[in-house]
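Using the working numbering, you'd call the opening residue of the sequence shown number 1147 and step up by one each time.
We put the beta carbon where it would ideally sit given N, CA and C, even for glycine.
Since the model is a prediction, treat every value here as computed from it, not as a measurement.
Read the structure below first, then the notes.
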Amino acid sequence: MAKKIGIILGSTRPGRISPAIADWVAAGIAKHPELSVEMLDLKQINLPFFDEPTIPSVAAGVSKAAVAWREKVLSLDAFIILTAEYNAGYTAPLKNALDYLKTEWANRPIFIVSYGFGGGASAAHQLSEVLTRIGTVQIEPNIAILIGDKLNANGGIDDPHTSLAIHNDELDIALNAIEAWTPPEEK
């Protein structure tokens, strides 16, 4: 049975480039018959700012949005997080989506693809610290995409499959690691 990977698009702003990067990642996943993909676009999911009556480490969220997000995350085997770097950090919608859950992230393989004029290194570093705290299995090394020379005059990426090809081998290594990953045995 194919492992299901959720690609989390962490940017929600108009004009974002994460959909183009997500298409490139999905094309890489398509080359692995043991993997399938589902897009988790935080712009479309549109989680309200976290306002549950308890924190996720104490009890699961009870709102309709929290329950739907929890069920979606639990239905997937692994995740690739796409994060832009805004002011040396990752996006607020991504932090919000992570904070809705706690134990649901534990022992789940997650791979980070960051992007920005500096490759999104600061965002990836901060995100990695949070992912460690919530108990994920991080697939490393991350992909850091320098976007300066990849943007067109409108701030988009014309052909991500060509302009991001420099990272194809890195993506393939991460996907092979996700394919080979097996969950720890329950005690």
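Comparing alpha-carbon positions, which option in the options lies nearest residue i?
{"i": "PRO1202", "options": "PHE1257, ASN1288 and ALA1252", "result": "ALA1252"}
{"i": "PRO1329", "options": "LEU1292, ARG1279, LEU1181 and PRO1255", "result": "PRO1255"}
{"i": "LEU1220", "options": "SER1164, THR1229, LEU1247 and LEU1310", "result": "LEU1247"}
{"i": "LYS1218", "options": "THR1229, PRO1160, ALA1243 and THR1237", "result": "ALA1243"}
Is the Cβ-Cβ distance between residue i and residue j less than 8 Å?
{"i": "PHE1225", "j": "GLY1152", "result": "yes"}
{"i": "SER1268", "j": "GLY1235", "result": "yes"}
{"i": "ILE1289", "j": "LYS1296", "result": "no"}
{"i": "TRP1215", "j": "PRO1306", "result": "no"}
So if DSSP puts residue i in a beta bridge, which residue, or which two residues, is it bridged to?
{"i": "PHE1225", "result": "GLY1152 and ILE1256"}
{"i": "ILE1285", "result": "PHE1257"}
{"i": "ILE1291", "result": "TYR1261"}
On the CB-based measure, 16 or more other CB atoms within 10 Å of its CB, does residue i come out buried or exposed?
{"i": "ARG1162", "result": "buried"}
{"i": "GLU1231", "result": "buried"}
{"i": "PRO1239", "result": "buried"}
{"i": "LYS1333", "result": "Because LYS1333 sits at a pLDDT of 42, beneath the cut-off of 50, its placement in the model cannot be relied upon, and the point is left open."}
{"i": "GLY1281", "result": "exposed"}
Exercise. Touch check for the region 1211–1222 and the region 1179–1197: three-plus C-beta pairs under 8 Å?
Worked result: yes
Exercise. Do the region 1309–1322 and the region 1163–1181 meet, that is, are 3 or more Cβ pairs less than 8 Å apart?
Worked result: yes
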